[in-house]
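Enquirer: Just so we're on the same page, this note's numbering is the position in the sequence shown counted from 1, plus 2.
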Amino acid sequence: MPVVGFGTWRMRHDNAYQAVLAALATGYRHVDTATMYANERDVGRAIRESGLDRSEVFITTKIRPSDAGRARSVLSQSLDALGTDYLDLWLVHWPPSARGGSRQLWNELIEVQAEGHVTDIGVSNYTLSELDELLRSSGKTPAVNQIDWGPTRYDASTLAGHAERGVVVEGYSGLKNTDLDDPVLAKIAAAHGVTTAQVVLRWHLQHDIIVIPESSQPERIATNFELFGFQLAPEEMASIDGLAGA
Ligand SMILES: NC(=O)c1ccc[n+]([C@@H]2O[C@H](COP(=O)([O-])OP(=O)(O)OC[C@H]3O[C@@H](n4cnc5c(N)ncnc54)[C@H](OP(=O)(O)O)[C@@H]3O)[C@@H](O)[C@H]2O)c1
Numbered sequence: 003m004p005v006v007g008f009g010t011w012r013m014r015h016d017n018a019y020q021a022v023l024a025a026l027a028t029g030y031r032h033v034d035t036a037t038m039y040a041n042e043r044d045v046g047r048a049i050r051e052s053g054l055d056r057s058e059v060f061i062t063t064k065i066r067p068s069d070a071g072r073a074r075s076v077l078s079q080s081l082d083a084l085g086t087d088y089l090d091l092w093l094v095h096w097p098p099s100a101r102g103g104s105r106q107l108w109n110e111l112i113e114v115q116a117e118g119h120v121t122d123i124g125v126s127n128y129t130l131s132e133l134d135e136l137l138r139s140s141g142k143t144p145a146v147n148q149i150d151w152g153p154t155r156y157d158a159s160t161l162a163g164h165a166e167r168g169v170v171v172e173g174y175s176g177l178k179n180t181d182l183d184d185p186v187l188a189k190i191a192a193a194h195g196v197t198t199a200q201v202v203l204r205w206h207l208q209h210d211i212i213v214i215p216e217s218s219q220p221e222r223i224a225t226n227f228e229l230f231g232f233q234l235a236p237e238e239m240a241s242i243d244g245l246a247g248a
């Protein structure tokens, strides 16, 4: 799973198409969408017209909890909209609120995955105890939990809990929910000659968290992907971790 993906939540129609095309031209090979974003068709068109082979791009989409009971038909609509015959990753977008609903929907995903059009299944916005409930009831651990993450949300025990369970953490809204003018981030960014947004994204990667930054601006799309030319020192990591308690 490419560790830097491209988020598409707010994008629709031509904006989504143009942004995904720009992201793929930059080098992103992982795109995150959802049925709820109403842009699967635009994302799919950009991937097809990028000139890349389908196998070179990791595609994640998500099913809404309200679609429980009809996962098979939702998957086939997503595949049709994306113009592909398989997903790399399919996530439950957030836990169903109905009692037993989470187990039921997860079992449906397991059943549908066995039919061969989904490589991996996972969840989003689940707590560790909600992950445990799925594991207990089905014997199958979600491959991924996509959660709201960033320096101010840093919590070592949550990360350790995912690692113990073998669940990959994907962080969302790490830029949106961070003060990118924070002096701690600004000092570290200046030391490495990068932006504070790059520092935040690099901090995720060094914690083994997959990132999926979204931007509609070509320059940011490019810099958000330039994360491999510098490395944060342990004391820099610790001071960013410390923003959670600040
Ligand atoms: N599973 C879920 O429930 C869930 C929830 C939320 C999001 N997501 C996924 O995660 C993706 C990212 O989440 P997100 O959009 O909430 O948060 P984000 O990627 O942290 O932040 C996006 C916002 O930050 C701005 N931005 C991007 N790059 C920047 C940079 N280098 N410097 C300054 N500002 C920058 C963008 O504006 P510009 O466009 O103007 O650059 C946009 O307003 C979404 O697209 C979606 O795929 C999932």
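Backbone N, C-alpha and C define an ideal beta-carbon position, used for all residues, glycine too.
With residue 91 as the anchor, note down where its beta strand (DSSP E) starts and where it stops.
Expert: Here the beta strand (DSSP E) through residue 91 covers 89–94.
Enquirer: Per DSSP, residue 150 is paired with what?
Expert: Looking at the DSSP assignment, residue 150 forms a beta bridge with 174.
Enquirer: If residue 58 and residue 105 are in contact, beta carbons under 8 Å, what's the gap, nearest whole angstrom?
Expert: 35 Å between Cβ atoms; not a contact.
Enquirer: Under a Cβ-count criterion, where at least 16 other Cβ atoms within 10 Å of its own Cβ denotes burial, should residue 12 be classed as buried or exposed?
Expert: So residue 12 ends up on the exposed side.
Enquirer: Report the CB separation of residue 137 from residue 143 in whole angstroms; it is logged as a contact under 8 Å.
Expert: So it is a contact: roughly 5 Å between Cβ atoms.
Enquirer: Spatial neighbours of residue 208 within its chain, please: CB distance less than 7 Å, with the 5 preceding and 5 following residues excluded, ordered by chain position.
Expert: 234 and 239, listed in sequence order.
Enquirer: With DSSP collapsed to three states, give me the class of residue 49.
Expert: Correct three-state label for residue 49: helix.
Enquirer: Any heavy atom of ligand 1 closer than 7 Å to the Cβ of residue 126?
Expert: Yes, the Cβ of residue 126 comes within 7 Å of a heavy atom of ligand 1.
Enquirer: Please name the residue in 230, 199, 231 and 185 whose C-alpha comes closest to that of residue 216.
Expert: That would be 199, whose Cα lies nearest to the Cα of residue 216.
Enquirer: Going by C-alpha distance, which of 119, 99, 167 and 232 is nearest residue 91?
Expert: When only C-alpha atoms are compared, the closest one is 119.
Enquirer: Buried or exposed: where does residue 230 fall if 16 or more other Cβ atoms within 10 Å of its Cβ makes it buried?
Expert: Result: exposed.
Enquirer: Please state the DSSP three-state secondary structure of residue 118.
Expert: DSSP places residue 118 in helix when its eight states are reduced to three.
Enquirer: Between residue 204 and ligand 1, is the CB less than 7 Å from at least one heavy atom?
Expert: False, no ligand heavy atom lies under 7 Å from that Cβ.
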